[in-house]
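Asker:
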Amino acid sequence: MITTSATEFRAALPDGGRLIGLDMGTKTIGTAFCDAGWSFATASKTLKRGKFSADKAALEALIKEQFVVGLVIGLPLNMDSTDSPQTQSVRAFARNIAVLGLPVLLQDERWSTQAVERALIAADVSRAKRAKRVDSAAAAFILQGAIDAMVG
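Residues 249 to 400, numbered by my numbering, are exactly what the sequence shown covers, in order.
1. Hey, out of A340, Q314 and T276, whose CA is closest to T290's CA?
2. Measure the CB-CB distance between L270 and T279 and report whether it falls below 8 Å.
3. Taking the C-alpha atoms as reference points, what is the distance between E357 and T252?
4. My understanding is that L354 touches L323, with C-beta atoms under 8 Å, so please give their C-beta distance in whole angstroms.
5. When you compare only the Cα positions, how much space is there between W242 and F341?
6. At the level of alpha carbons, what is the spacing between G264 and R258?
7. Considering only DSSP beta bridges, list what D356 is partnered with.
8. Quickly, what does DSSP pair M272 with across the bridge? List them, please.
9. Name the residue from S329, I311, P333 and D331 whose alpha carbon lies nearest to the alpha carbon of A346.
10. Where K296 and A385 are concerned, what is the direct C-alpha to C-alpha distance, given to the nearest angstrom?
11. What residue does the alpha helix (DSSP H) around T255 start on, and which one ends it?
12. G318: which of L307, Q334 and T335 sits nearest, CA to CA?
13. Please list, in chain order, all residues of the same chain as A388 whose beta carbon is under 7 Å from its beta carbon, the five residues on each side excluded.
Structure follows, in structure tokens:
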């Protein structure tokens, strides 16, 4: 199941269990996980993108390792809510990754990278360190938005 509705996503999940958040870039995939009670999201690894089969294998390993019950993928909409070429790419990735059998939520991510960049700058993180952390931090921001919408 793939949805853009946090309510539908919540209904498809068991009561509790970890979720993985993904920030899909053209070169990397930022990852984040939330606790089993869906309270807070924490940034995790940034994976190098490759062929889909390699990306799927890396994500499948993380999903099994962390006992994940659902995926939240950032959906990069245009500011007017229309799809962009990147949006179409993320939707295709979601359709392909859905073979893992887990519910997938496509979460609006329009402001995630900017919000994370501002927070990292405010924390006086150097430009080099920001570049390494921004994808996984954006995944955490996306995932936190989803869990807030599900339990709020």
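Beta carbons are placed, not taken as given, at the ideal position from N, Cα and C, and that holds for glycine.
Predicted model only: the values in this text are computed from it and were never measured.
Answerer: Short version:
1. In the sequence shown, residue 290 corresponds to position 42, counting from 1. Nearest option by C-alpha distance: Q314.
2. Taking the sequence shown and counting its residues from 1, one reaches residue 270 at position 22. Taking the sequence shown and counting its residues from 1, one reaches residue 279 at position 31. Result yes, Cβ atoms of L270 and T279 sit closer than 8 Å.
3. For the purposes of this step, residue 357 is taken as the residue at position 109 of the sequence shown. For the purposes of this step, residue 252 is taken as the residue at position 4 of the sequence shown. Their Cα atoms are separated by approximately 12 Å.
4. Counting from 1 along the sequence shown, the entry for residue 354 is found at position 106. Counting from 1 along the sequence shown, the entry for residue 323 is found at position 75. Yes, L354 and L323 are in contact; Cβ-Cβ is about 4 Å, under 8 Å.
5. Residue coverage of the chain in this structure runs from 249 to 400, which leaves residue 242 outside it and unanswerable.
6. Taking the first residue of the sequence shown as position 1, residue 264 is located at position 16. Taking the first residue of the sequence shown as position 1, residue 258 is located at position 10. The straight-line gap from Cα to Cα measures roughly 10 Å.
7. One-based indexing of the sequence shown puts residue 356 at position 108. Partner(s): L323.
8. Here residue 272 refers to the residue found at position 24 of the sequence shown. BP columns for M272 point to I277.
9. Here the question's residue 346 lines up with position 98 in the sequence shown. Among S329, I311, P333 and D331, the Cα nearest to that of A346 is on I311.
10. Numbered from 1 along the sequence shown, position 48 holds the residue referred to as residue 296. Numbered from 1 along the sequence shown, position 137 holds the residue referred to as residue 385. About 15 Å.
11. Start at 1 with the first residue of the sequence shown, and residue 255 comes out as number 7. Start and end: A254 to A260.
12. The sequence position of residue 318 within the sequence shown is 70, counting from 1. Measuring from the Cα of G318, the nearest candidate turns out to be L307.
13. Position 140 of the sequence shown, counting from 1, holds the residue named residue 388. So the qualifying residues of the chain are G269, A280, A289, T290 and A291.
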